[in-house]
Amino acid sequence: MDTTYLRAVMAQWASGVVVVTTTRDGGGRHGMTASSFTSVALDPPLVSVCLATASSTCRFVRHSGVFAVNVLGHDHEDIGRRFATSTAGDDRFTAGRWDTATTGAAVLTDAVAWVDCVVAACHPAGDHTIVLGLVQDAATPRPAPPLIYHDRTYYEGIAR
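Position in the sequence shown (first residue = 1) + 4 = the numbering used here.
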């Protein structure tokens with residue numbers, strides 16, 4: 005299968021947008037935009053994210069054993085774009101207001117929702133790693149329509 009064509013086909017699947025955060029050595033923070041996030045189970049409470057195995061995010065999550073998933077609202081497009089760009093030396097966390105969750109991962113104070121997790125398992129899947137997280141804490145800071153990603157474009161979610 006041609007990967008360029010498959011990417012164009014898969015871009016037709018609309019998804020919510022999240023920022024996955026974790027900790028780095030020396031107490032630093034790290035994060036990236038993702039769209040591959042899902043609830044897996046309620047008992048025990050498990051979620052999954054898929055991370056490029058060669059990425060620094062995957063490496064930091066594996067090393068720290070913790071991550072948080074921040075569900076972005078319709079007005080967070082700037083944050084979604086900022087965390088999707090790998091600009092060296094740019095502190096992505098200067099956009100938005102961030103707090104520290106129980107595990108030490110960063111959570112967006114005005115996210116639609118967030119979950120704070122410890123890594124329960126990592127499963128190789130092609131060029132990605134499926135990371136299962138055991139939820140330690142969760143919150144819904146504010147009700148708002150979600151930020152949606154479809155066909156390589158951001159859209160505001162449906163108003164409530």
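Quick reminder that beta carbons are idealized off the backbone N, C-alpha and C, glycines included.
Under 8 Å between C-beta atoms of residue i and residue j
i	j	result
VAL111	ALA58	no
ALA125	CYS54	no
GLU81	LEU151	yes
VAL51	THR42	yes
CYS121	THR98	no
Candidates the options, of which the one nearest residue i by Cα
i	options	result
LEU46	SER40, LEU136 and SER68	LEU136
VAL116	VAL23, THR7 and THR8	VAL23
Straight-line Cα distance separating residue j from residue i
i	j	result
THR113	THR61	21 Å
GLN16	PRO145	30 Å
VAL75	MET5	32 Å
VAL13	ARG156	11 Å
PHE87	PRO149	20 Å
ASP103	GLY20	22 Å
VAL44	HIS127	14 Å
Secondary structure of residue i, DSSP reduced to three states
i	result
VAL24	strand
MET14	helix
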